[in-house]
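Participant: Following the working numbering, the numbering of the sequence shown begins with 8 at its first residue and continues without gaps. Each residue gets a CB set at the ideal place from its N, CA and C atoms; glycine is no exception. Note that the structure is a prediction, hence the values are computed from the model and not measured.
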Amino acid sequence: TRKYLSRWQISSMRQYLCLFHGDQALVTFSRNEIVAMLDKHGLAPRRAFGQNFVVDANMVRKIARLADVGAGDFVLEIGAGLGSLTLALAETGANVVAVEIDNGLVEVLRANTKQLANVEVIHADALQLDWQSLLAKSMHWHVVANLPYNIATIIVADLLDGIAEVKHMLVMVQSEVGDRLVARAGTEAYGAVSVKVDYWSHSKIVGQVPPSVFFPQPRVESSLVEIRRRNTPGVEGVVAKELFSLVRAGFAKRRKMLRRALDMITTPEDFVKADVNPESRAEQLDLAAWGRLRRAIDARLSTATIVARDSTAPSALGASADHSTPSD
């Protein structure tokens, strides 16, 4: 059952968010406030966790607006940090589950959101979470997050692969990562993860984020990437796991022609049947071409299995023959 906030509850929540800035709703913390909070609790941004805190109110408002979430929606935020984005998401009235791995930050995050009835803080490693249990409240979740750079690609791929409840993502990632997530065949950024994202979803970059909105400032720009899960996969007639295994094998030797990169997996006939040039390289095949090649391989393997089974089965004559010993 979805939990809807009344107008009174949203109004009260906004009043709480104004505590530090009078009539101006506090939807993030300033650079000075972030530094002061970290100093007060003896904390510092940890490079190992890819921690860069958003310190620009306009940016978090923009993210919340682009996410298009509100009362009754369920939002998962991964890498919530001190709550910079959490507060903006909470202000929309959505139910927010904020996940944070850092032992020190999670206590400050709880303190910063303790009076918000629509925020639940989870202290956990997002790579180890039981997603099915955590997301059991709804069959339709939005992931809205400033993803730690060191796990961004893994998180997006894992959620698309295994968590059907996640229907929509709006994630802030390094621009290089964003380019890979939305890349199309024939581009330099195109890779195995691009094929996977295309298989499960429609994706696009919806904004650029300068380093100046973060503390500490990263050396590179970031992108806002929107990912919407397809109602049905981008290609049919294949097992996703087997398709992605083939794609990974191709991109593992991306500079080689596919007939060489996939010589242990394919035959010349597979390429003919799939209408794929064996002298192509992995980056030249779009999702549809990868799907055709996978289906051609599967058809050949299925035929070989049937032939092998039939060749080892006892013949009808042999099965019915009388092998009794003649009597004298």
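What residues match up with Glu127 in a beta bridge as DSSP calls it?
Facilitator: Glu127 pairs with Val104.
Participant: Run through DSSP, which three-state label would Gly244 get?
Facilitator: Residue state, collapsed to three classes: coil.
Participant: Does the Cβ-Cβ distance between Ser201 and Val232 come in under 9 angstroms?
Facilitator: For Ser201 and Val232, no; Cβs fall outside 9 angstroms.
Participant: Short of 8 angstroms in beta carbon distance, which residues of its chain neighbour Arg1, apart from the five on each side in sequence? Order them along the chain.
Facilitator: Lying before the first or after the last residue shown, residue 1 is absent from the chain, which here runs from 8 to 335.
Participant: With a CB to CB cut of under 6 angstroms and the five nearest residues on each side skipped, what residues in its chain are close to Arg38?
Facilitator: Contacts found: Val62 and Phe222.
Participant: Look up Ala152 in the DSSP assignment and give the residues it is bridged to.
Facilitator: For Ala152, which the question treats as bridged, DSSP gives the partners Val178.
Participant: What ranges does the beta strand (DSSP E) occupy inside the region 56–104, keeping only unbroken runs of at least 3 residues that lie completely in it?
Facilitator: Those beta strand (DSSP E) runs which fall completely within the region 56–104 and span 3+ residues are 81–85.
Participant: Measure the beta-carbon distance from Val103 to Val82 and round it to whole angstroms, keeping in mind my assumption that it falls under 8 angstroms.
Facilitator: Val103 to Val82, Cβ: 5 angstroms. Contact.
Participant: Run through the region 154–233 for me and flag every whole alpha helix (DSSP H) of 4 or more residues, listed as ranges in chain order.
Facilitator: Listed in chain order, the complete alpha helix (DSSP H) runs (minimum 4 residues) inside the region 154–233 are 159–169, 182–189 and 199–207.
Participant: Does DSSP classify Arg301 as helix, strand or coil?
Facilitator: Helix, per DSSP.
Participant: Along the chain, where does the alpha helix (DSSP H) that runs through Ala272 open and close?
Facilitator: Reading the sequence as shown, one finds Ile at residue 272 and not Ala. Unbroken run through Ile272: none, as it is neither H nor E.
Participant: Buried or exposed: where does Pro217 fall if 16 or more other Cβ atoms within 10 Å of its Cβ makes it buried?
Facilitator: Per the 10 Å Cβ criterion, exposed.
Participant: Please determine if the region 169–184 and the region 143–159 are in contact, where contact requires at least 3 C-beta pairs separated by less than 8 angstroms.
Facilitator: At 8 angstroms Cβ cutoff, the stretches touch.
Participant: So what's Arg38 in DSSP terms, helix, strand or just coil?
Facilitator: Note: Arg38 maps to helix in three-state DSSP.
Participant: Measure the CB-CB distance between Leu89 and Ile41 and report whether it falls below 9 angstroms.
Facilitator: In contact: Leu89 and Ile41 (Cβ atoms closer than 9 angstroms).
Participant: Over the uninterrupted alpha helix (DSSP H) stretch that includes Asn110, give me the two end residues.
Facilitator: Looking at the DSSP string, the run of the alpha helix (DSSP H) that includes Asn110 is Asn110 to Thr120.
Participant: With a threshold of 8 angstroms, are at least 3 pairs of Cβ atoms found where one atom belongs to the region 70–79 and the other to the region 92–110?
Facilitator: Segments in contact, yes.
Participant: Buried or exposed: Ser230, going by 16 or more other Cβ atoms within 10 Å of its Cβ?
Facilitator: When all chains shown are included, Ser230 counts as buried.
Participant: Are the region 138–150 and the region 117–127 touching by the rule of at least three beta carbon pairs closer than 8 angstroms?
Facilitator: As far as the Cβ criterion goes, the region 138–150 does not touch the region 117–127, which means the pair count is below three.
Participant: Report back the beta-carbon spacing between Leu250 and Arg301 to the nearest angstrom; my notes put them in contact at under 8 angstroms.
Facilitator: Between Arg301 and Leu250 the Cβ distance is about 5 angstroms, and since that is below 8 angstroms, they are a contact.
Participant: Taking all protein chains shown into account, do 16 or more other C-beta atoms lie within 10 angstroms of the C-beta of Pro155, making it buried, or fewer, making it exposed?
Facilitator: Classification of Pro155: buried, given that the 10 Å Cβ count is 16 or more.
Participant: With DSSP run on the structure shown, which of helix, strand or coil describes Arg288?
Facilitator: In the structure shown, Arg288 sits in coil (DSSP, three-state: anything other than H, G, I, E or B).
Participant: Going by DSSP, what residue range makes up the alpha helix (DSSP H) through Arg267?
Facilitator: Leu265 to Ala268 is the extent of the alpha helix (DSSP H) around Arg267.
Participant: Alpha carbons only, please: which of Ala101, Val126, Gly100 and Gly86 is nearest the one belonging to Asn110?
Facilitator: Among Ala101, Val126, Gly100 and Gly86, the Cα nearest to that of Asn110 is on Gly86.
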